[in-house]
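Report on the structure given below.
Numbering (the working numbering), first residue to last: 18 to 891.
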């Protein structure tokens with residue numbers, strides 16, 4: 018009993034001193050109760066927390082369990098309780114680190130009250146957070162539903178606690194030392210590159226969802242932002258500190274949240290993110306109003322770095338610009354000559370407008386302007402070229418965005434000077450293309466998915482930008498649209514194309530497309546709409562082949578790393594324009610064009626994933642007017658015959674199934690695509706590894722005789738399978754179902770294209786066709802020509818019979834071979850293919866040019882290219 022009492026007494030003496038005790042025993046534990054670290058006892062690499070409840074040294078390890086400080090010493094030192102108590106007792110004689118000055122006598126009743134209330138709580142979710150849409154967050158919940166939120170000081174000791182009522186009313190627990198106390202939202206980052214400080218818990222949780230890479234901290238209120246910011250700066254000297262300020266905007270009242278955030282940010286060289294609103298709101302309000310993705314874009318766009326309060330203040334009589342709720346004003350102070358009072362003359366310049374950053378593309382520098390257009394509360398961000406500041410084009414650009422401005426030329430000049438001279442340290446990236454930019458994904462409507470390394474802005478335009486809306490959820494899309502497509506290969510292929518669009522940029526693949534063709538009422542439109550619904554409203558996103566090549570290039574740049582659904586090619590359209598557009602789409606680089614100021618314009622580059630439909634395949638469609646499409650284009654735009662839907666999923670027939678799919682697409686669009694892109698952003702390595710794995714599988718499954726072009730298409734199908742497997746949770750399809758659907762479509766493509774080299778086939782077809790059309794009409798018999806056949810119009814050569822096998826041979830003039838038979842191709846390469854398949858009498862020696870043979874004609878011996886027709890070539 019005496020030994021047991023001694024152990025208890027030692028543990029009592031170590032209370033609230035466990036950090037020092039464990040440090041003296043060379044046992045490393047995290048300073049903050051919410052931080053994870055390697056377990057000093059079992060060696061687990063993560064999931065160990067030292068929460069130190071009631072100062073008892075309590076800990077939690079997902080591998081070896083829970084315990085108090087004495088238990089941790091026993092496990093770490095592999096000893097019993099008595100020996101552990103002796104080790105602890107020995108450290109208590111060491112000098113103890115003096116507690117912080119905020120440790121007053123009030124700490125004792127606080128610790129008692131906190132321990133008592135913690136014992137009365139149970140972990141769970143609060144109605145307060147769930148009502149805000151913040152689900153899945155567990156905290157100690159008291160009997161009346163209040164959250165008991167523990168706040169730690171810089172040493173990691175719990176020095177305060179906040180009680181949050183279900184109604185949102187908050188109070189500090191009696192005896193709490195608030196100054197410098199904070200709560201850290203659990204984060205996987207051990208050494209965060211970004212730290213976000215917020216006043217309240219809900220705001221910090223919203224920030225953690227917008228920026229999962231950041232360490233998000235609750236500072237309780239505006240007055241505590243500065244002390245907590247200074248603590249964070251000392252702990253993370255290299256981190257970017259962002260103050261997620263509350264916008265306490267109110268007429269005739271001080272904006273407390275903004276001022277406190279500005280002061281804290283200036284003290285630690287940090288940044289401020291202020292909600293763009295004309296009424297009081299925080300970032301949690303913004304998340305509830307706009308959703309996570311749009312709120313994250315607004316958060317990144319709102320960042321600014323406040324000037325240090327120590328900077329010199331301007332002269333009281335110096336004119337200045339004032340940004341107010343109702344607009345931007347030019348203030349001209351002057352002293353009244355009679356009373357001596359300071360009088361300010363105000364002139365309205367524009368709707369609320371400010372410079373929030375500077376940016377640059379390859380050829381232009383920009384000012385990043387944030388405005389609140391007339392009649393709205395949502396902000397508009399515009400990248401204005403510096404060359405347009407103060408010019409007619411610049412003002413027109415702002416007016417098109419709905420921003421009003423003064424009509425007085427003198428005030429417009431002042432506005433231009435104010436914008437040009439505005440100082441900002443924020444640097445933006447400006448892109449004319451969508452897709453993966455600066456570590457995030459730019460949508461064609463300008464929204465940003467993910468957290469870019471620096472703020473990024475899409476400065477291009479898409480005619481379909483308004484179609485990228487959201488309706489429903491990723492789960493509702495999976496359970497309706499994707500579920501109805503299951504088991505129907507062509508529909509699954511189309512959705513695979515849509516899912517592959519953002520993947521090609523991640524894995525460094527080239528863009529390509531699929532042209533699905535078949536008769537009317539075969540389900541082409543329904544299939545295309547199902548795929549398009551992944552990203553937005555199908556009808557609004559649909560593009561058209563009926564455009565100029567330049568117009569399609571602009572759309573391709575606005576769909577870089579994106580999905581391009583192209584409307585069905587009709588029989589009455591301009592085939593030549595479609596041919597030019599098809600070439601432009603898959604070149605991946607725009608035309609070199611001169612700039613009016615000299616030099617050339619920037620080249621546009623893109624990787625697009627196109628999905629087209631039509632009643633005929635593209636090759637047949639273009640050849641109807643004499644246009645020719647080469648084999649390289651046919652392995653970029655894959656002609657696949659459509660397979661009608663056969664799995665109707667509880668619907669009576671195909672018509673009912675198509676109607677159900679139409680209704681599902683109209684009720685569920687946009688959400689799944691954005692969630693898929695966000696998922697891909699965190700799965701880059703898995704995507705690259707998956708692409709390599711499935712490429713090996715598809716190539717290994719080909720026949721050895723398969724040509725290089727077939728192998729290239731197999732690689733494209735391996736990308737489709739990579740996307741479908743990675744997106745299994747988004748579609749609900751198994752990996753085997755996805756593979757079977759793609760294999761079905763690949764086999765259908767093979768049946769159209771063949772397994773050999775398509776270019777060689779084109780050479781042979783062209784030569785065979787010439788001989789079939791002209792073999793008797795343009796070749797004279799040799800050696801016995803009939804005088805009645807003379808003169809022969811457009812003589813191509815002579816025909817004779819080979820002695821060895823009695824086969825007809827055609828002695829062709831070399832000029833006719835080059836200019837007619839091999840027209841459009843390299844004559845040497847053309848001839849070599851004919852020699853390989855037996856259409857030329859002798860093997861070709863490329864170094865000597867065309868193989869020629871001389872025969873005697875009218876006393877001379879001219880040289881000819883000797884050709885033969887193939888039997889049963891088709």
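Cβ atoms here follow ideal geometry from the backbone N, Cα and C, with glycine treated the same way.
Among 225, 282, 586, which residue has its Cα nearest to the Cα of residue 248?
Residue numbering aside, residue 248 sits at position 231 when the chain shown is read from its first letter. Nearest C-alpha to residue 248 among 225, 282, 586: 282.
Could you tell me which residues DSSP pairs with residue 446 in its beta bridges?
In the chain shown, residue 446 corresponds to position 429, counting from 1. In the DSSP assignment, residue 446 is bridged to 377, 473.
Beta-carbon separation of residue 547 and residue 682 under 9 Å?
To locate residue 547, count along the chain shown from 1; it is residue 530. To locate residue 682, count along the chain shown from 1; it is residue 665. Cβ distance < 9 Å, so residue 547 and residue 682 count as in contact.
Where does the unbroken beta strand (DSSP E) through residue 536 begin, and where does it stop?
One-based indexing of the chain shown puts residue 536 at position 519. Note, residue 536: premise wrong, no beta strand (DSSP E); not H, not E.
What did DSSP end up calling residue 878 once you bin it into helix, strand or coil?
Counted from its first residue, the chain shown places residue 878 at position 861. The answer is coil: DSSP assigns residue 878 none of H, G, I, E or B.
Can you tell me whether DSSP reads residue 693 as helix, strand or coil?
The residue you call residue 693 lines up with position 676 of the chain shown. Note: residue 693 maps to helix in three-state DSSP.
Locate the beta strand (DSSP E) running through residue 586, then write down its first and last residues.
Start at 1 with the first residue of the chain shown, and residue 586 comes out as number 569. Note, residue 586: beta strand (DSSP E), 579 to 586.
In the DSSP assignment, find the unbroken alpha helix (DSSP H) run with residue 519 in it and report its ends.
Position 502 of the chain shown, counting from 1, holds the residue named residue 519. Note, residue 519: alpha helix (DSSP H), 506 to 524.
Taking just the CA atoms, how far does residue 762 sit from residue 383?
Taking the first residue of the chain shown as position 1, residue 383 is located at position 366. Taking the first residue of the chain shown as position 1, residue 762 is located at position 745. Going by the C-alpha atoms only, they are around 47 Å apart.
What is the C-beta distance between residue 579 and residue 452, in whole angstroms, given that I count them as a contact (C-beta under 8 Å)?
Along the chain shown, read from residue 1 onward, the residue named residue 579 stands at position 562. Along the chain shown, read from residue 1 onward, the residue named residue 452 stands at position 435. That belief holds up - the Cβ atoms of residue 579 and residue 452 are roughly 6 Å apart, short of 8 Å.
Please report the straight-line C-alpha distance between residue 232 and residue 444, rounded to a whole angstrom.
If you number the chain shown from 1, residue 232 lands on position 215. If you number the chain shown from 1, residue 444 lands on position 427. Answer to the nearest angstrom: the Cα atoms are 22 Å apart.
For a test of the three-state rule: what should DSSP assign to residue 29, helix, strand or coil?
Against the chain shown, residue 29 aligns to sequence position 12. Note: residue 29 maps to helix in three-state DSSP.
Helix, strand or coil, according to DSSP, for residue 790 in the structure here?
If you number the chain shown from 1, residue 790 lands on position 773. Residue 790 falls in the helix class under three-state DSSP.
How long is the line joining the alpha carbons of residue 878 and residue 724, rounded to whole angstroms?
As a position in the chain shown, residue 878 is number 861, starting the count at 1. As a position in the chain shown, residue 724 is number 707, starting the count at 1. Distance between the alpha carbons of residue 878 and residue 724: 41 Å.
Given this structure, state the Cα-to-Cα distance separating residue 882 from residue 450, to the nearest angstrom.
Along the chain shown, one-based indexing puts residue 882 at 865. Along the chain shown, one-based indexing puts residue 450 at 433. Using only the alpha carbons, I get a separation of about 52 Å.
In the DSSP output, which residue or residues are listed as bridge partners for residue 828?
Locating residue 828 in the chain shown gives position 811, counting from the first residue. Paired residue(s): 815, 883.
Identify the continuous alpha helix (DSSP H) that holds residue 104 and give its terminal residues.
Counted from its first residue, the chain shown places residue 104 at position 87. Start and end: 98 to 108.
Give me, in chain order, the residues of the same chain whose beta-carbon lies closer than 7 Å to that of residue 658; leave out the 5 immediate sequence neighbours on both sides.
One-based indexing of the chain shown puts residue 658 at position 641. Answer for residue 658: 534, 535, 765, 769, listed in chain order.
Below 8 Å CB to CB, which residues in the same chain sit around residue 158 once its five sequence neighbours on both sides are set aside?
Indexing the chain shown from 1 puts residue 158 at position 141. If we look at residue 158 and ignore the five residues flanking it on each side, its Cβ neighbours are 138, 139, 140, 141, 142, 143, 164, 165.
Which residue's Cα is closest to the Cα of residue 788: 246, 887, 102?
Locating residue 788 in the chain shown gives position 771, counting from the first residue. Nearest of 246, 887, 102 to residue 788, Cα basis: 887.
Helix or strand or just coil, what does DSSP make of residue 183?
As a working mapping, residue 183 is identified with position 166 in the chain shown. Looking at residue 183 - three-state DSSP - the assignment turns out to be coil, as it is neither helix nor strand.
Check for me: the alpha helix (DSSP H) holding residue 853 runs from which residue to which?
Mapped onto the chain shown, residue 853 falls at position 836. Residues 844 to 854.
Going by DSSP, what residue range makes up the beta strand (DSSP E) through residue 233?
By 1-based counting over the chain shown, the position of residue 233 is 216. Counting along the chain, the beta strand (DSSP E) containing residue 233 begins and ends at 232 to 235.
My guess is that residue 469 and residue 576 are in contact by the Cβ rule of under 8 Å, so how many angstroms apart are they, rounded?
Along the chain shown, one-based indexing puts residue 469 at 452. Along the chain shown, one-based indexing puts residue 576 at 559. With 8 Å as the limit, residue 469 and residue 576 do not qualify as a contact, their Cβ atoms being about 19 Å apart.
When you compare only the Cα positions, how much space is there between residue 336 and residue 368?
Here residue 336 refers to the residue found at position 319 of the chain shown. Here residue 368 refers to the residue found at position 351 of the chain shown. Using only the alpha carbons, I get a separation of about 19 Å.
Mind checking residue 674: buried by the 16 CB within 10 Å criterion, or exposed?
Taking the chain shown and counting its residues from 1, the one referred to as residue 674 is at position 657. With 16 or more Cβ atoms within 10 Å of its Cβ, residue 674 is classed as buried.
Using 8 Å as the cut-off, can you tell me whether the segment 709 to 718 makes contact with the segment 487 to 497, which would need three or more C-beta pairs spanning the two stretches below that distance?
no
Below 8 Å on the Cβ atoms is my guess for residue 688 versus residue 697; work out the distance and round it to an integer in Å.
Walking along the chain shown from the start, residue 688 turns up at place 671. Walking along the chain shown from the start, residue 697 turns up at place 680. Not a contact, Cβ separation roughly 15 Å.
What span of residues does the beta strand (DSSP E) with residue 387 cover, start to end?
Translated into positions along the chain shown, residue 387 becomes position 370. First-last of the beta strand (DSSP E) with residue 387: 382 to 388.
When the Cα atoms are used, what is the spatial distance from residue 790 to residue 797?
Residue mapping note: residue 790 aligns to position 773 of the chain shown, counting from 1. Residue mapping note: residue 797 aligns to position 780 of the chain shown, counting from 1. Approximately 14 Å, taken between the alpha carbons.
Here's the rule I'm using: 16 or more other beta-carbon atoms within 10 Å means buried, otherwise exposed. How should residue 525 be labelled?
Position 508 of the chain shown, counting from 1, holds the residue named residue 525. By the 10 Å Cβ count, residue 525 comes out exposed.
Would you call the segment 287 to 302 and the segment 258 to 268 in contact, with 3 or more CB pairs under 8 Å?
yes
How many Å lie between residue 296 and residue 395 at the Cα?
If you number the chain shown from 1, residue 296 lands on position 279. If you number the chain shown from 1, residue 395 lands on position 378. Looking at the two C-alpha atoms, the distance is approximately 11 Å.
Going by C-alpha to C-alpha distance, which of 819, 38, 780 sits closest to residue 834?
The residue labelled residue 834 in the question sits at position 817 within the chain shown. The shortest Cα separation from residue 834 among 819, 38, 780 belongs to 780.
With residue 458 and residue 838 assumed to form a contact (beta carbons below 8 Å), what rounded beta-carbon distance in angstroms separates them?
For this step, residue 458 is matched to residue 441 along the chain shown. For this step, residue 838 is matched to residue 821 along the chain shown. At roughly 51 Å, the Cβ-Cβ gap does not stay under 8 Å, so residue 458 and residue 838 are not in contact.
Helix or strand or just coil, what does DSSP make of residue 195?
Translated into positions along the chain shown, residue 195 becomes position 178. Three-state result, residue 195: coil.
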